[in-house]
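*Asks:* Heads up: the sequence shown runs through residues 587 to 724, numbered per our numbering.
A virtual CB, placed ideally from N, CA and C, is assigned to each residue, including glycine.
Note that the coordinates shown come from a computational prediction; the quantities given were computed from them, not determined experimentally.
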Amino acid sequence: MAEWVGWFVAAGAVLILELFTGTFYLLMIAIGIGAGGLVALAGGNGSWQALTAAIVGVAATLLLRRSRFGKAARRDAAQDPNVNLDIGQSVAVAHWVDGAARVMYRGALWDVELIPGSDAQAGHYTIRAVRGSRLIVG
Numbered sequence: 587m588a589e590w591v592g593w594f595v596a597a598g599a600v601l602i603l604e605l606f607t608g609t610f611y612l613l614m615i616a617i618g619i620g621a622g623g624l625v626a627l628a629g630g631n632g633s634w635q636a637l638t639a640a641i642v643g644v645a646a647t648l649l650l651r652r653s654r655f656g657k658a659a660r661r662d663a664a665q666d667p668n669v670n671l672d673i674g675q676s677v678a679v680a681h682w683v684d685g686a687a688r689v690m691y692r693g694a695l696w697d698v699e700l701i702p703g704s705d706a707q708a709g710h711y712t713i714r715a716v717r718g719s720r721l722i723v724g
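1) Output yes or no for whether 7 Å exceeds the beta carbon distance between Ile722 and Ile701.
2) Determine the DSSP secondary structure at Trp590, reduced to helix, strand or coil.
3) Compare the C-alpha of Ser676 against each of Ile713, Ala687, Ala708 and name the closest.
4) If you follow the beta strand (DSSP E) that Val716 is part of, which residue opens it and which one closes it?
5) Go ahead and pull the three-state DSSP assignment for Trp696.
6) Straight-line CA distance for Arg717 to Gly598?
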């Protein structure tokens, strides 16, 4: 088997692994391995093949890290409905005292705080965030 075939088979195996991880980092490594395969196809020796694969793989990984795809989206867990299922639920507030209240929610008394700019009147409110044992509503 030719040397370049081994490089491309290895790149394909890394691409298959990438499908299981869901990140783009193994894709960047596969690009580096493919570059090593191209050097092998062009007739370069083993040292140049490995060096090219390493340089291209590391450079592609660093470029990915600096891009918006390499950074995880940072969301505040207190306001993320995927983390806290209370967000988006409704609570009934009977009366407000200086922008704060106590309500019965899920069988327990909770402190409730009104988001800035909202009108403090009795009624139904939607939970926008949860900070400790305090519901932030609006």
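*Replies:* Working from what's here:
1) yes
2) The answer is helix: DSSP assigns Trp590 an H, G or I state.
3) Taking Ser676 as reference, the option from Ile713, Ala687, Ala708 with the minimal CA-CA separation is Ile713.
4) 709-717
5) strand
6) 47 Å
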